[in-house]
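Per the numbering used here, the very first residue in the sequence shown carries number 1; after that it's consecutive. The C-beta atom is built at its ideal place from N, Cα and C for all residues, glycine as well. Values in this document were obtained by computation on a predicted structure and should not be read as measured data. Shown next, in C-alpha coordinates, is the structure this report addresses.
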Amino acid sequence: MSSLSISGEVLAGLTTIAQQFNLSVEELLTRISQGKLAIIDADELEDLLDIRDAALAESDAENQERVPWQAVKQELDL
(Lines of atoms letter the chains of each structure in order from A and count residues from 1; the text may use other names and numbers.)
(Lines give C-alpha, C1' and ligand atoms only; values in the text may rest on other atoms or scores of the structure.)
Protein backbone atom coordinates (compact mmCIF):
# COMPACT_ATOMS: atom_id res chain seq x y z
CA MET A 1 0.00 0.00 0.00
CA SER A 2 1.39 3.41 -0.92
CA SER A 3 1.11 6.51 1.24
CA LEU A 4 -0.11 9.91 0.21
CA SER A 5 0.53 13.28 1.85
CA ILE A 6 -2.28 15.84 1.75
CA SER A 7 -2.65 19.32 3.17
CA GLY A 8 -4.86 20.12 6.13
CA GLU A 9 -7.19 22.02 3.81
CA VAL A 10 -7.65 18.99 1.55
CA LEU A 11 -8.18 16.72 4.55
CA ALA A 12 -10.82 19.09 5.92
CA GLY A 13 -12.62 19.06 2.57
CA LEU A 14 -12.48 15.27 2.35
CA THR A 15 -13.72 14.99 5.92
CA THR A 16 -16.68 17.25 5.14
CA ILE A 17 -17.59 15.23 2.06
CA ALA A 18 -17.17 11.92 3.90
CA GLN A 19 -19.45 13.12 6.70
CA GLN A 20 -22.17 13.94 4.17
CA PHE A 21 -22.17 10.25 3.21
CA ASN A 22 -21.72 9.00 6.79
CA LEU A 23 -18.33 7.56 5.82
CA SER A 24 -14.82 7.86 7.15
CA VAL A 25 -12.27 9.53 4.88
CA GLU A 26 -10.69 6.11 4.31
CA GLU A 27 -14.06 4.61 3.30
CA LEU A 28 -14.72 7.58 1.00
CA LEU A 29 -11.38 7.20 -0.76
CA THR A 30 -11.84 3.42 -1.02
CA ARG A 31 -15.24 3.80 -2.68
CA ILE A 32 -13.88 6.39 -5.08
CA SER A 33 -10.96 4.13 -6.02
CA GLN A 34 -13.36 1.21 -6.57
CA GLY A 35 -15.54 3.30 -8.88
CA LYS A 36 -18.49 3.08 -6.48
CA LEU A 37 -18.52 6.81 -5.81
CA ALA A 38 -17.48 9.86 -7.80
CA ILE A 39 -17.13 13.50 -6.91
CA ILE A 40 -17.98 15.85 -9.76
CA ASP A 41 -18.43 19.58 -10.16
CA ALA A 42 -22.01 20.81 -9.60
CA ASP A 43 -22.07 22.48 -13.04
CA GLU A 44 -20.98 19.23 -14.67
CA LEU A 45 -23.74 17.37 -12.82
CA GLU A 46 -26.29 19.91 -14.02
CA ASP A 47 -25.08 19.48 -17.62
CA LEU A 48 -25.33 15.68 -17.33
CA LEU A 49 -28.86 15.94 -15.92
CA ASP A 50 -29.85 18.29 -18.77
CA ILE A 51 -28.52 15.80 -21.32
CA ARG A 52 -30.43 12.98 -19.62
CA ASP A 53 -33.64 15.04 -19.60
CA ALA A 54 -33.23 15.92 -23.28
CA ALA A 55 -32.71 12.27 -24.21
CA LEU A 56 -35.80 11.27 -22.24
CA ALA A 57 -37.85 14.02 -23.89
CA GLU A 58 -36.73 12.95 -27.37
CA SER A 59 -37.71 9.35 -26.70
CA ASP A 60 -41.15 10.31 -25.35
CA ALA A 61 -43.88 9.30 -27.81
CA GLU A 62 -45.71 12.59 -27.22
CA ASN A 63 -42.71 14.45 -28.65
CA GLN A 64 -42.57 12.43 -31.87
CA GLU A 65 -45.07 14.48 -33.89
CA ARG A 66 -43.57 15.61 -37.18
CA VAL A 67 -44.59 18.84 -38.86
CA PRO A 68 -44.31 18.96 -42.66
CA TRP A 69 -42.04 21.68 -44.06
CA GLN A 70 -44.91 23.06 -46.14
CA ALA A 71 -46.97 23.60 -42.98
CA VAL A 72 -44.08 25.45 -41.34
CA LYS A 73 -43.61 27.67 -44.39
CA GLN A 74 -47.33 28.42 -44.54
CA GLU A 75 -47.46 29.29 -40.85
CA LEU A 76 -44.49 31.65 -41.25
CA ASP A 77 -45.85 33.12 -44.51
CA LEU A 78 -42.77 32.07 -46.47
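**Message:** Rounding to the nearest angstrom, what Cα-Cα distance links Trp-69 and Ala-61 in this structure?
**Reply:** 21 Å
**Prompt:** Less than 8 Å separating the beta-carbons of Leu-28 and Leu-14?
**Reply:** yes
**Prompt:** If you drop the 5 nearest sequence neighbours on each side, which residues of the same chain put their C-beta closer than 8 Å to that of Ile-38?
**Reply:** This sequence places Ala at residue 38; Ile is not what is there. Cβ neighbours of Ala-38 beyond the five flanking positions: Ile-32.
**Prompt:** Is Ala-38 helix, strand or coil when you go by DSSP?
**Reply:** coil
**Assigned secondary structure, Ser-59 (DSSP; H/G/I helix, E/B strand, else coil)** = Reduced to three states, the DSSP call for Ser-59 is helix.
**Asked** Cβ atoms of Val-10 and Ala-18: under 8 Å apart, would you say?
**Response** no
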